[in-house]
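Data first, discussion second: the structure below is written as structure tokens.
Given below as structure tokens:
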């Protein structure tokens, strides 16, 4: 009889309090094997606390946490064999060289693959001979990324991993995320960079105040948001405002902008066809708009902006 392997991450009703502060309030999170799972939310939502619990560095107050079926607090050594971790703010041993730090970190998981190590150093344009105290934030981040990617892991926990990287190096990072997933790994990616999430993630979980508010594929979550229209029409804004599913209507002369609920798009399109439009553009909601709908506020103009 075939027995399926345990899921990479299973979290149920997870709670964590620090004194009077409640960091996690009944969090549920399920990460499937072989996916890149985005973990998104505002600062203070509980993302980093969750990652520390998955690493066995923090003990839960209550709830269940399993990494490949193991309790990371009770069995940290076994769990760590399968995990590569990259924090968003990397601190290194100042008197070691970057290469020595990479070897030390990779050695905790059995040692680096020499070929991979060389390729990563070249692709990240990294100088491993310099002392870590001389490194910029970007180079400290590269050190942690090379250490994580130079030895295969079953699970990668990435907490704002591309922080401090320029666009060229960020592209290298994304390429290696795709590589490890193609090789069978699973990735939990905590990120505020919207383009990164949209390009890499198969599913996302939105977390707020220590609990998950939505989870699903980007396509599924976008069904919860509205589509933005910009039309040129003889119909006045008063007429358009009366259509079903219309929100946030704005007008400037003959140009009318509005948002429409996904469930009412058919009705809106029929109404537009009858209104004598001379121009139309429609855009699906970006991930930023999705996040802002949950957390409040107005999205900025840039698709790659950091929103939280």
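In this note's numbering, the protein residues as written are 2 to 309. Quick reminder that beta carbons are idealized off the backbone N, C-alpha and C, glycines included.
So residue 183 is in the alpha helix (DSSP H); what residue range does that whole segment cover? Where residue 183 is concerned, the enclosing alpha helix (DSSP H) stretches over 168-183.
Using 8 Å as the cut-off, can you tell me whether the stretch 117-127 makes contact with the stretch 189-197, which would need three or more C-beta pairs spanning the two stretches below that distance? The stretch 117-127 is not in contact with the stretch 189-197.
Cβ atoms of residue 138 and residue 127: under 8 Å apart, would you say? In this structure, residue 127 keeps its C-beta atom at 8 Å or more from the C-beta atom of residue 138.
Quick check on residue 291: buried or exposed, where buried means 16 or more other Cβ atoms within 10 Å of its Cβ? Buried, because 16 or more other Cβ atoms sit within 10 Å of the Cβ of residue 291.
According to DSSP, is residue 72 helix, strand or coil? DSSP, reduced to helix, strand and coil, places residue 72 outside both helices and strands of the structure shown, so it counts as coil.
Coarse secondary structure for residue 309, derived from DSSP in three states: Caution is warranted here: a pLDDT of 28 is assigned to residue 309, below 50, making its placement in the model unreliable, and the coordinate value is therefore given only provisionally. Residue 309: coil per DSSP, three-state reduction.
Quick one: grab the DSSP three-state call for residue 140. The answer is helix: DSSP assigns residue 140 an H, G or I state.
On the criterion of 16 or more Cβ atoms from any shown chain inside 10 Å, does residue 2 qualify as buried, or is it exposed? Note that residue 2 has pLDDT 46, beneath the 50 cutoff, so the model's placement of it is unreliable and the number below is only indicative. Its Cβ having fewer than 16 others within 10 Å, residue 2 is exposed.
Checking 8 Å against the spacing of the C-beta atoms, do residue 196 and residue 206 come in under that value? For residue 196 and residue 206, no; Cβs fall outside 8 Å.
Excluding the five sequence neighbours on either side, which residues of its own chain have a C-beta within less than 6 Å of the C-beta of residue 165, listed in chain order? Residues of the same chain with a CB within less than 6 Å of the CB of residue 165, apart from the 5 flanking positions on each side, are 138, 139 and 142 in chain order.
Any C-beta of chain D under 8 Å from that of residue 277: Absent from the structure: chain D. Only one protein chain is present.
Any idea which residues DSSP pairs residue 84 with across the strands? Beta-bridge pairing by DSSP links residue 84 to 156.
Starting from residue 268 and walking both ways along the alpha helix (DSSP H), at which residues does that stretch end? Where residue 268 is concerned, the enclosing alpha helix (DSSP H) stretches over 266-275.
Contact between the stretch 61-68 and the stretch 12-21: three or more CB pairs below 8 Å? Yes: at least three Cβ pairs fall under 8 Å.
Residue from 236, 105 and 267 whose Cα sits closest to the Cα of residue 279: Ranking 236, 105 and 267 by Cα distance to residue 279 puts 236 first.
Could you please give me the residues that DSSP links to residue 10 through a beta bridge? In the DSSP assignment, residue 10 is bridged to 32 and 68.
First and last residue of the alpha helix (DSSP H) that includes residue 106? The continuous alpha helix (DSSP H) containing residue 106 extends over residues 99-108.
So, are the CB atoms of residue 154 and residue 186 less than 8 Å apart? In this structure, residue 154 places its C-beta atom within 8 Å of the C-beta atom of residue 186.
According to DSSP, simplified to helix, strand and coil, what is residue 300? The predicted model places residue 300 with a pLDDT of 44, which falls under 50 and marks its position as unreliable, so this point remains unresolved.
DSSP on residue 127, reduced to helix/strand/coil? In this structure, residue 127 counts as coil in the three-state DSSP scheme.
When we look at the beta-carbon of residue 259 and count the other beta-carbons within 10 Å, is it buried (16 or more) or exposed? Buried.
With burial defined as no fewer than 16 other Cβ atoms inside 10 Å of the residue's Cβ, what is the status of residue 6: buried or exposed? With fewer than 16 other Cβ atoms inside 10 Å of its own Cβ, residue 6 counts as exposed.
Excluding the 5 residues preceding and the 5 following residue 102 in the sequence, name in chain order all residues of the same chain whose CB lies nearer than 8 Å to its CB. So the list reads 93, 94, 133, 144 and 148, once near-sequence residues are dropped.
Which residues does DSSP list as the beta-bridge partners of residue 206? For residue 206, the beta-bridge partners assigned by DSSP are 40 and 216.
Exposure of residue 285, with buried meaning 16 or more beta-carbon neighbours within 10 Å: By the neighbour-count rule (16 or more Cβ atoms within 10 Å), residue 285 is not buried but exposed.
Residues bridged to residue 188 (per DSSP): According to DSSP, residue 188 bridges with 37 and 157.
Count the other CB atoms, across all protein chains shown, that sit within 10 Å of the CB of residue 167; report buried if there are 16 or more and exposed otherwise. With fewer than 16 Cβ atoms within 10 Å of its Cβ, residue 167 is classed as exposed.
Answer yes or no: do residue 227 and residue 262 have a C-beta to C-beta separation smaller than 8 Å? For residue 227 and residue 262, yes; Cβs fall inside 8 Å.
Contact check, residue 255 vs residue 233 under 8 Å by CB: the rounded distance? With 8 Å as the limit, residue 255 and residue 233 qualify as a contact, their Cβ atoms being about 5 Å apart.
Should residue 131 go down as buried or exposed, given a rule of 16 or more other Cβ atoms within 10 Å for buried? Burial call: exposed.
Would you give the residue range spanned by the beta strand (DSSP E) that residue 49 belongs to? Going by DSSP, residue 49 is part of no beta strand (DSSP E) but of the alpha helix (DSSP H) stretching over 48-55.
Give the DSSP-derived three-state secondary structure of residue 255 in the structure shown. Reduced to three states, the DSSP call for residue 255 is coil.
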